[in-house]
Amino acid sequence: MATIARDCVIDFLRQHCTVIGVLIGAALVSFSLGPYSNFDTEVEFAAASSVVTQGLPFSSPGNLVNQPPLGFYLNAFFLRTFGLSYATGVAAVTLWGVGCVFLVYQVGRTFYNSRTGLVAAGVFALMPWEAVLARSFLIDVPCIFFSLLSLLVGVWAVRKASLKLTLVSGILFGFAFLTKFFAIFTLIPLALILVRYPPKNLKLLAAQVGIFALPVLSMYYLWYEGISRLGFFSFFGHNDFSSFTQGAAPSSHFLLRFFADNPGTLLLLAAAISILLVTWTRKDFKAPFFDLVCLVTIVGTAGVNMFLVLSLGLLVPYVDPVKYDYQALPAFCLLAASLLEKARLLRPLQEENSKRSKLPFLASVVGVILLSASIAASGITLAGLVSKDTVLFKVEGDIAFSFQNVGLVPDLSLQYALLTIGFFTVVVSMVFALRQKPSSKL
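Under my numbering, the first residue of the sequence shown carries the number 5, and numbering increases by one thereafter.
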């Protein structure tokens, strides 16, 4: 029995060593930074602490936090189990972040194949945007965890026309939405996939939509009408909708400026080339539709943010795209990572004599170079963050969203060692993944 168990473990590690490597590397990178704090994290930690001490998420005495509750209850479980401290709370969020890395891999594997999913997960894990949020006590990270999980199960449900999986996906979406309302952006890829793989008849379509919607509506009603009594329409009274850009003058391209830094110009260019290559890969690669899913998710998420700022004049979405557009970050990583498969498929074409046949392959090579440079740039940025006491996510001009590093110590040698080992563990795992035969679940 011992020999059989050992062989099973060895076989498991052999098959999944690259995924395990990325997850371990992601954890090491995350724990080398922060923890970080700002006003938002203090409010949310107070709410989670209140769940531990009073059973309800009060942001201040007698005032329920103006956010969905589930994230505070989930993080309160860690605080109750391992100690009521900010470091414990941030460690819990970091674990949610590592889970998100795994889910980006699974979504990429389902959309494209295992190699693309692994590279996307690695790029996501090394993004300073992701790394800082994963070391801050914010409910955004568990929200995107459940969002990705709901999307993953939702794709399986649509492809298999399974009402049971639809119910599971709906429950997970309810968890995401009751963690933070930004989960609403998960409906963009789910709707596109449902249109692409429609049920056989309208009756099944109505059943899937109804079964999916029932859990989130029930959870929402239970909390806002039954428990908190804040009211079913309290969503529209959120604090983010009461502050306006009266003294600021947002430019029409403020979000593009933010994206130029986060996820970065290099990754943006790689993702743009990936989209352009769709016309040359549509016959040989199943990517075009899922490229469209990623693109529409990015445009839809960013479009809502821009509408809130430019049309409604709201201040918080202008100052805080780091959270408002966080749901689009996996889509950026998936688009850029798909370049590697496009380059592989286009390589035979470059043997032809025509310039038209060589151009797509050369473009894919440029895209891969940009992706590689983006990963290197992320490593350099992460190394700079280790010793910074303030991290700024700049929007434009003097507008930025800031975090304070509350974990700085005089000797940072351990943090640099963790970052270095973690970074190269992720990179080496990605390289080895490219040598493996790709697999897909879809």
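Beta carbons: idealized from backbone N, C-alpha and C, even for Gly.
Buried versus exposed, by CB contacts within 10 Å (16 or more), residue i
{"i": "R439", "result": "exposed"}
{"i": "K327", "result": "buried"}
{"i": "V33", "result": "buried"}
{"i": "E46", "result": "exposed"}
{"i": "E229", "result": "exposed"}
{"i": "Q19", "result": "exposed"}
{"i": "G235", "result": "exposed"}
{"i": "A129", "result": "buried"}
{"i": "Q331", "result": "buried"}
{"i": "P325", "result": "buried"}
{"i": "A217", "result": "exposed"}
{"i": "R200", "result": "exposed"}
{"i": "N450", "result": "Shown here, the chain extends from 5 to 446; a query on residue 450 therefore has no answer."}
{"i": "K164", "result": "exposed"}
{"i": "P39", "result": "buried"}
{"i": "N117", "result": "buried"}
{"i": "A80", "result": "buried"}
{"i": "F240", "result": "exposed"}
Beta-carbon spacing of residue i, residue j below 7 Å
{"i": "L107", "j": "L137", "result": "no"}
{"i": "S368", "j": "K392", "result": "no"}
{"i": "T92", "j": "L83", "result": "yes"}
{"i": "I302", "j": "A335", "result": "yes"}
{"i": "G112", "j": "T120", "result": "yes"}
{"i": "L182", "j": "P72", "result": "yes"}
{"i": "P292", "j": "V282", "result": "yes"}
{"i": "L272", "j": "F258", "result": "no"}
{"i": "P447", "j": "W100", "result": "Any answer about residue 447 is impossible in this case: the structure gives the chain only from 5 up to 446."}
{"i": "R447", "j": "F365", "result": "The structure shown does not extend to residue 447, since the chain spans only 5 to 446, so no value can be given for it."}
{"i": "L156", "j": "V102", "result": "no"}
{"i": "G25", "j": "S433", "result": "yes"}
{"i": "F149", "j": "F179", "result": "no"}
{"i": "F177", "j": "V220", "result": "yes"}
{"i": "Y109", "j": "L88", "result": "no"}
{"i": "G383", "j": "F436", "result": "no"}
{"i": "K398", "j": "D295", "result": "no"}
{"i": "L280", "j": "A381", "result": "no"}
Secondary structure of residue i, DSSP reduced to three states
{"i": "Y40", "result": "strand"}
{"i": "I472", "result": "One cannot answer for residue 472 here, as it falls past the ends of the chain, which runs 5 to 446."}
{"i": "T394", "result": "strand"}
{"i": "Q408", "result": "strand"}
{"i": "N309", "result": "helix"}
{"i": "F216", "result": "helix"}
{"i": "V69", "result": "coil"}
{"i": "V399", "result": "strand"}
{"i": "V64", "result": "First, the residue type needs correcting, since residue 64 is Ser and not Val in the sequence shown. Of the three classes helix, strand and coil, the one that applies to S64 here is strand, per DSSP."}
{"i": "P318", "result": "According to the sequence provided, residue 318 is Leu. The question's Pro does not apply to it. Looking at L318 - three-state DSSP - the assignment turns out to be strand."}
{"i": "F248", "result": "strand"}
{"i": "G29", "result": "helix"}
{"i": "T183", "result": "coil"}
{"i": "A165", "result": "coil"}
{"i": "L53", "result": "According to the sequence as given, residue 53 is Ser; it is not Leu. It is helical."}
{"i": "A138", "result": "coil"}
{"i": "K204", "result": "coil"}
{"i": "N243", "result": "helix"}
{"i": "P414", "result": "coil"}
{"i": "H20", "result": "helix"}
{"i": "K445", "result": "Low local confidence applies: a pLDDT of 48 at K445 is under 50, so the model's placement there is unreliable, with the coordinate-based value given in what follows. Reduced to three states, the DSSP call for K445 is coil."}
{"i": "M434", "result": "helix"}
{"i": "L234", "result": "coil"}
{"i": "G59", "result": "coil"}
{"i": "S382", "result": "helix"}
{"i": "L281", "result": "coil"}
Cβ shell of residue i (< 8 Å), same chain only, five flanking positions each side left out
{"i": "T249", "result": "V313, G317, L318, L319, Y322"}
{"i": "T394", "result": "S406, F407, Q408, N409"}
{"i": "S1", "result": "No information on residue 1 is available, as it lies outside the stretch 5 to 446 that the chain covers here."}
{"i": "D144", "result": "L137, K184, F186, K327, Y330"}
Proximal residues to residue i (C-beta, below 7 Å), its chain only, five neighbours per side dropped
{"i": "L416", "result": "V390, S391"}
{"i": "A135", "result": "V33, S34, L37, L386"}
{"i": "F141", "result": "T45, E48, F49, Y90, G93, V94, V97"}
{"i": "V300", "result": "I192, L196"}
{"i": "L396", "result": "A404, S406"}
{"i": "K445", "result": "Unreliable positioning characterises K445 in this predicted model, as indicated by a pLDDT of 48, which lies under 50. The coordinate reading is nonetheless provided below. Closer than 7 Å at the Cβ level, and outside the excluded window around K445, lie R113, T114."}
{"i": "A341", "result": "G112, T120, V123, A124, V127"}
{"i": "N42", "result": "S406, F407, Q408"}
{"i": "V105", "result": "V26, L27, A30, A125, F128, A129"}
{"i": "G419", "result": "This sequence places Gln at residue 419; Gly is not what is there. Taken in chain order, the residues that qualify are S36, V390."}
Residues near residue i by beta carbon distance below 6 Å, same chain, minus five either side
{"i": "L339", "result": "A275, S278, C298"}
{"i": "G59", "result": "none"}
{"i": "A51", "result": "P61, S63, V69, F76"}
{"i": "P254", "result": "V313, Y322"}
The ligand MG heavy atom lying under 6 Å from the CB of residue i
{"i": "A138", "result": "This structure simply doesn't include the ligand MG, nor any ligand for that matter."}
* Asked: Would you say the segment 168-176 touches the segment 198-209, given that touching needs at least three Cβ pairs under 8 Å?
  -> no
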